[in-house]
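2 protein chains.
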Amino acid sequence: MKSRKEGKKKLYGYTGHTLAKMLVTALTGIITGMFAVLLTKSVGAITEWKLGILEHSHEKEAPARGLVSFLLFWVIGSALVSFATAIVQYWAPASAGAGVTLVMAYLNGNHVPNLLRFNTLISKFVGTVCAVSSGLPMGPEGPMVHIGACVASVITYMECKCLDGGIFNIFTNCFGRRRDFNIKEKMKILDEIVSDSDHREFVSAGVSAGISAAFGAPIGGVLFSMEEACSFWSRKTAWRCFIAATLSTFTIQLLNRSAQHGMIAFTGLRQMDNKDWIMQLPFLIVNSGMAGLLGAAFNSFRMWLWKVRAVKTRHVLRILEVIGLVFLVSLVGHFFGWAAGQCKPYPEDWLEEGYGIRYNCEEGKYNDVATLFLSSQHHTIIKLFSVGHDDMVPEEETGVYTPPFSVGGLALFTTIYLGLMSIGAGLAIPGGLFMPSILLGASWGCFWGLILRLWLPKWNIMPGLYAILAGTGVLAGVFRSAISLVVLVVEGTRGIDYLFGVILSVVIANWVAHHIHHDGVYESELERIGNVYMLRDEPPHRLFTLTAEAIMATGVCGFRTVEPVSRILQVLRTTTHNGFPVFAEEGSTEEDVVSVAPSNKALVSLANSSSSPDMNGSSAGPRPDPLSGRLEGLILRSQLLVLLQRRHFCDVDGRPIGRDYSEQQELDMETEMRTFFRRYFTHARYISATAQPLDELKLDGVHAGSTTLDLSNLYMDLRPYMNRHAHAAPGSPLTIRKDCSAARAHQVFINLGLRHLLVVDAHNHVVGIITRKDLDHAAGHGWWRMSHQAEPPRNK
Amino acid sequence: MKSRKEGKKKLYGYTGHTLAKMLVTALTGIITGMFAVLLTKSVGAITEWKLGILEHSHEKEAPARGLVSFLLFWVIGSALVSFATAIVQYWAPASAGAGVTLVMAYLNGNHVPNLLRFNTLISKFVGTVCAVSSGLPMGPEGPMVHIGACVASVITYMECKCLDGGIFNIFTNCFGRRRDFNIKEKMKILDEIVSDSDHREFVSAGVSAGISAAFGAPIGGVLFSMEEACSFWSRKTAWRCFIAATLSTFTIQLLNRSAQHGMIAFTGLRQMDNKDWIMQLPFLIVNSGMAGLLGAAFNSFRMWLWKVRAVKTRHVLRILEVIGLVFLVSLVGHFFGWAAGQCKPYPEDWLEEGYGIRYNCEEGKYNDVATLFLSSQHHTIIKLFSVGHDDMVPEEETGVYTPPFSVGGLALFTTIYLGLMSIGAGLAIPGGLFMPSILLGASWGCFWGLILRLWLPKWNIMPGLYAILAGTGVLAGVFRSAISLVVLVVEGTRGIDYLFGVILSVVIANWVAHHIHHDGVYESELERIGNVYMLRDEPPHRLFTLTAEAIMATGVCGFRTVEPVSRILQVLRTTTHNGFPVFAEEGSTEEDVVSVAPSNKALVSLANSSSSPDMNGSSAGPRPDPLSGRLEGLILRSQLLVLLQRRHFCDVDGRPIGRDYSEQQELDMETEMRTFFRRYFTHARYISATAQPLDELKLDGVHAGSTTLDLSNLYMDLRPYMNRHAHAAPGSPLTIRKDCSAARAHQVFINLGLRHLLVVDAHNHVVGIITRKDLDHAAGHGWWRMSHQAEPPRNK
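Sequence order for the protein chains is L and Y.
Take the position in the first sequence, starting the count at 1, then add 693; the result is the number in my numbering.
Take the position in the second sequence, starting the count at 1, then add 693; the result is the number in my numbering.
Shown next, in the form of structure tokens:
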């Protein structure tokens, strides 16, 4: 605190701290961009190598040809995914899946253990490369979000260590070895600057950088971060996201000369004029509506499949699951390629790019169904988007149009891919849903466009356009976002000419999907996980008819302003609460002596009733008496632990025992309280609520100063420290009256980023407490999208 | 309330009300789009007619030619603007200027009298047509925002009337004739549905529709609404904005076949590759930095000029001011056209479009400086954006490049236009700043680009690109927005290829301008207006070091739960407060009888101290005793007025006097309380705080039922009605402890959309109240952009 004098290092309002934060933001963007380039290059190299091997197998005779190709595809794929899954299962379980949901949960205020560690980052990156290049129906976009978030977090902590303890410390700490709790550490520079909310801002910036790197869409990245990922948004966050996203896109352009903005950009379709748009409107509506249906169907299948999946702890089963999917993909691709595929001559540009799988066709031809199933998804999407573009002129000359994929093949692919994709989501391997969703939509749109074109050859119908719009529609059906999606697609495809169609598609697909079920993929996933509490900005419907009293947890454990150490230890050991109210000593310390005779009886009986959901099953041992009284303040478990560790004791009247504390020591202690979790339990905060840190304190024979003291005569004065934790501004804690509506409690809680909201009666006596858990329980299930405003309740 | 049974008219979750709201949103979009088309067409027609007349004058001989042209330009312009200014001054003063700031203030929670009336809409539209077509340095974009907001508001109220009282009522009400307060009205359908917050949502949608119609940029419109205009944002608001913006753009495309998306779209410049971008980076930085400087300079000049402008009430002076500006524009254009203009041959496409002013040149040539000053700004911007595009090939052939505007002319124009634009902002005529800002930037960028091109002919420099980026930079310098600006420019110019440059320009210009002064044009304007209280999302710096006690207004006037009517009337007459706390009758009605002896002495003395800023000068007459006590609830002036009007009296024990009320009547009354302002004081809420409604109540001889009662024995029981107003959910009012930090009070206030926040002590006794005014005063001046997080204060 002392080091932060006013005017120090100030240059036009910028202090060194601002600079350090800017540096973190900029580095996040640049390094995320580098990861994206590395990802693209690795996936490209592996895929090319794999397809090269497959190509050789095609030299063989007819019956062996298919079998060899199938086996090669499966074996290579299995090797890749086994490696990736093993890493995930045994080393970094937090890196499974897309990771977007958990990052959302973190940004909402949950602490998710190990989510943003360095090993999660490495495992995510390696796993994504393996998953995408092995041919699984998974994309790199979702993982890029998680990678961006990890990069932001790792950089923040690295910079802390760097500025603090030198380079060597970085490596011991990156891999998340927990530090001993009792080591007294030096003050750290960034520890003081980077608060929890700053860290959240950096992670938000990382999310933007990740998505913008994946799509080559800086603005879309910022909007995705705002619309989907972040729960707290401010102008400052917006600027951080903006800068990180721009720098990551720019880094990609610098490193990868062939990349322009727009990862799924394609050579332009013709423009459509207003007349075309209006005439094709009914077809476009069917196109988008069906895309929305597909998206919703995917969500439903995926949720249903959770019933039959292997549980997280069965490592071998989980690995076999992934290998099974590779087998399925390979089997389906080769079987239908053989049974339903048509041989078509290569278009010119395909040969150059090495796109198209020959499989069982003669030289110079490719099998269209096998190509759809077995090629790189990224390339297939671009090809589907381009259908009906440059082959326009020959059609008018000859009257016959040969699309690069047959109508039947596309229908088959759409159906089967939906199933494969549903199986793929939720495996123990990193992989995202954006790319598969787009591919699913693109194949449906292309199918529908080709049918229309055969039916109405004069109508100037471009299947590629239908593919773009349907791809957008499936994304809308799966994710239920709106503006960010439009911008992502427009920036990603560079198709600003089709803005109107994209908007139409998003609106219709959202509308259709909303009527199948309410939840987007992120929301339903968060609800399924169950151990994070995702609180939405708007209070859910149910809360409008409840009062705060109905949703609060009763039986609040509290402390007096001067409390015996033994009772504090007992409470800390027997509960897992993180916040405790502090009650006034009635009739003694307060200024206005005309005080209330405490009506504690009712409260204590209330507290002793067994209806407390917050305390049941938390731990064994004797339950401490829940005190109650007029509220004075709130103190956190972390603060108590620091006070205990520093032996900050006093006698029954509040006079300090043992040594006196200098101002510097007091400041140190405050800093330690603020940075408690980041110092000792960075990646696994839940440990702080167990008995472990208490055991490490070694409070059996307490040495304060030079004398050994008896624990039973020691007290702690909580007054100087209550209400001074990181989440709340100093002063009194915010409270709410018990007859307030629960919706209002939700608003206060969310908007102020609280973790504990005390509920009081008319005389300011504590009757309960509201935490994230209580709000989440009260909201019920599946409400996320249903929270429209209730009618003003009537309290007759 | 009864009419809103569950399950009624429910179809997939959509009730009739949802449909009605959707209809309002959609109509807002469509009608705003129509206004935009009508505006474009009218301006185009008038400008064409004006230029036609000017063209004829050029047939004359040399000396007379300039004079005649000058006079014609001035006379026609003066006629147009006199008409517009007269309308504004005498009929609809709220329509002056761009209107964006006041709409922002409305959306922040202020009530701005007459801002969203039908006559404001008409005056705004007519005025904008006149201002833009007369050649003043003003654009139609800002006014389109206000027009969209007015359209949304008018449609909402129209639909209310339509569903309620038939068509005839609409016309009597549109023009804002105030209804008599005492007319008992039937229940209205939309009155129940459309709450204040719904109305705000519709207005937000109108803002999006307006800006998206002006730029042809639906996504940009939504983002502008979010980033600049709205203070409250939710997913629902986002969807409304999205739909309205899309429909308005679509309407324009349907009605105006020549319009594609992108109002300032131009035929494409060549693409620049990465190498070009990096080589030109230093020039681009200078370009954007200078643009930011220009924007900041404009803001400073504009604010300085307020000192010498005519005051609002001097009608004739205000009209003369505008005529003077037309004179100046005309004089400057003709003089410099004559003194510094060069005659250049028309490029091919200019003649077709009728662009370019011949002035004193021979047949087939145009005067470039006169063209810059006197043409339609919209066309000039497009021409500047296209400089250096299609004339690339001839240059390489001949080695000589003739730009359509001379370097000197552009420099002259940039300088003088900055002055004209500064004078133009703040006149009594509708007109926006977007278009002039872009023009200013474009001319600077074009100048800079041309210089670079002459200096470095091999470097592949496109002045048009520099013009786009500088235009964006000036916008950023003036408005200080970020993401919405990028999207607006990209959508408006359809130049997605220059995304990187646009982002760079916005960041640099913002950075530069921020160091000149902190406020964007909207913020400084809001601060200047002074009678609206704009509260930002993030608490300003100063509040972090204050407590709630330090910023609250003391001397709160309150009522007991059962209060004599005479005292209520006295309080209502002698104060202008809108909310009053209700205190518990100590020791009587409360459940727990072990109650506090009220320590009222200190409080009363506090209240009587003269430090109350909220009550000083509010009205004459004897001051009522400010009661105090333990807080029970909050009641609003509007509720008291309704209760008084309905003669809802009781005796001293709370037993009703006169007739009993049926349930239906009670419901009616509650509806009336909720919709009070919309019913009686739609466009001028401040009247409700005057004595006028009290006079209209005619409470001298009170008839309750059939007996005439003496006023002195009548009481009102406030308990059933307190805490039931529109802004607060039922239950207890939200309070804050006096030792809470003021920043936290700000957060609670803003995030929950409060109007009154009561401050209590540890025993729940009211010690003060915080309103918008108090927060605004406490924040000080010019803090808007400086609100970075303060260090955690230490309360030693």
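All C-beta atoms, glycine included, are put in the ideal place defined by N, C-alpha and C.
For G903/L, the uninterrupted alpha helix (DSSP H) run begins and ends at 889–908, by DSSP. Taking a beta-carbon distance threshold of 8 angstroms, E894/Y does not count as an interface residue toward chain L.
At a beta-carbon threshold of 9 angstroms, none of the residues of chain Y lie near D1467/L; the nearest stands roughly 17 angstroms away. In this structure, the beta-carbon distance from V1180/Y to G985/Y does not fall below 8 angstroms. Selection S941/Y, E894/Y, A1033/Y, S905/Y evaluated against R928/Y yields E894/Y as nearest (Cα-Cα).
DSSP places D1410/L within a strand segment (E or B) once states are collapsed to three.
Note: H1458/L is bridge-paired with R1323/L in the DSSP secondary-structure output.
By the CB criterion at 8 angstroms, F1140/L and A1104/L fall inside the cutoff. If you check the CB distance, G1081/L and M996/L do not come in under 8 angstroms. With contact defined as three or more Cβ pairs closer than 8 angstroms, the stretch 791–802 of chain L and the stretch 1222–1240 of chain L are in contact.
Unbroken alpha helix (DSSP H) stretches of 4 residues or longer found wholly inside the stretch 909–933 of chain Y: 911–917, given in chain order. Residue environment analysis places A1472/Y among the buried positions, since at least 16 neighbouring C-beta atoms fall within 10 angstroms of its C-beta. The residue among T1254/L, P1426/L, T718/L with its C-alpha nearest the C-alpha of D1346/L is T1254/L. Residues are counted here when their Cβ sits less than 7 angstroms from a Cβ of chain L; for the stretch 1218–1234 of chain Y these are D1230, E1231, given in chain order.
With the rule of 3 Cβ pairs closer than 8 angstroms, the stretch 730–741 of chain Y counts as touching the stretch 813–829 of chain Y. For T1254/L, no CB of chain Y lies under 8 angstroms from its own CB, so it is not counted at the interface with that chain. Interface flag for S1068/Y against chain L is unset, since no Cβ pair is found closer than 8 angstroms. Proximity of chain L to W932/Y at the Cβ level (cut-off 8 angstroms) is accounted for by A1175, in chain order.
Shown here, L1390/Y sits in coil according to DSSP, grouped into three states, outside any helix or strand. Distance from the CA atom of G1185/L to the CA atom of I1189/Y, rounded to whole angstroms, is 11 angstroms. The beta-carbon of S927/L is placed less than 8 angstroms from the nearest beta-carbon of chain Y. Comparing C-alpha distances from M1245/L to each of R1465/L, F908/L, P1150/L shows the shortest one belongs to R1465/L.
The secondary-structure analysis by DSSP pairs N1060/L across a beta bridge with C1036/L.
Using a C-beta cut-off of 8 angstroms, the stretch 802–813 of chain L makes no contact with the stretch 1001–1014 of chain L, since fewer than three inter-stretch Cβ pairs fall below that distance. Along the length of the stretch 964–1037 of chain L, whole alpha helix (DSSP H) runs at least 4 residues long occupy 967–972, 974–998, 1008–1033, reported in chain order. Taking the C-beta atoms as reference points, Q1440/L is found nearer than 8 angstroms to L1445/Y. Membership of I1429/Y in the beta strand (DSSP E) is indicated by the continuous run 1428–1430. Between the C-alpha atoms of L1145/L and W767/Y there is a straight-line separation of about 59 angstroms. The beta carbon of I945/Y does not come within 8 angstroms of any beta carbon belonging to chain L, so the residue lies off that interface. Under the Cβ criterion of 8 angstroms, P975/Y is not counted among the residues facing chain L. Counting along the chain, the unbroken alpha helix (DSSP H) around F1369/L starts and ends at 1369–1373. F1276/Y is bridged by DSSP to R1253/Y, L1324/Y. Assignment of C823/L by DSSP, reduced to helix, strand and coil, places it in the helix class.
In terms of beta-carbon proximity, Q1357/Y stays away from the interface with chain L, with every pair separated by 8 angstroms or more. Between P786/Y and P1123/Y, the C-beta gap is not smaller than 8 angstroms, which leaves the two residues out of contact. Residue-level contact check: P911/L touches chain Y, since one or more beta carbons of chain Y fall below 8 angstroms from its beta carbon.
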